[in-house]
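Student: Below is a structure I'd like to ask you about.
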Amino acid sequence: MSNIKKKILHNKNRRLRNRYSYKTVRTIVKQIRKEIEKARDINYLESYYSYLSSKLDTLAKKKIIHKNKAANLKSKLASAINAIK
1 MSNIKKKILH
11 NKNRRLRNRY
21 SYKTVRTIVK
31 QIRKEIEKAR
41 DINYLESYYS
51 YLSSKLDTLA
61 KKKIIHKNKA
71 ANLKSKLASA
81 INAIK
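Encoded structure:
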């Protein structure tokens, strides 16, 4: 197998992995926003938020999303959670 074919295959696999990671984070953000609207269990929200923030940091570190976007998402969700308290 030539290097070009390997590179294409590797890029395809990397792209799928990155899309899966980003889609997972988007789903978590949607779930947190739904829970914020319901304003229920604060402890659950905080634990879920800490999981999300670590995932966002990982995606930003791998440059799947921009670091400012990760920071903005974390900031908006944190302020929304703190407003419930």
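First residue of the sequence shown: 1, per UniProt numbering; consecutive thereafter.
We put the CB at the ideal spot given by N, CA and C, even for glycine.
1) If you count every other CB in all the chains shown that lies within 10 Å of the CB of L16, and 16 or more means buried, which is it?
2) Do I65 and L77 come within 9 Å of each other at the CB atom, strictly closer than that value?
3) If you draw a straight line from the C-alpha of A71 to the C-alpha of K5, how long is it?
4) With DSSP collapsed to three states, give me the class of H66.
Tutor: Answer, in terms of the structure:
1) Indexing the sequence shown from 1 puts residue 16 at position 16. When all chains shown are included, L16 counts as exposed.
2) Along the sequence shown, one-based indexing puts residue 77 at 77. Along the sequence shown, one-based indexing puts residue 65 at 65. Cβ atoms of L77 and I65: not closer than 9 Å.
3) As a first step, residue 71 must be located in the sequence shown, where it is residue number 71. As a first step, residue 5 must be located in the sequence shown, where it is residue number 5. A71 and K5 have their alpha carbons spaced roughly 37 Å apart.
4) Mapped onto the sequence shown, residue 66 falls at position 66. In the structure shown, the three-state DSSP call for H66 is coil.
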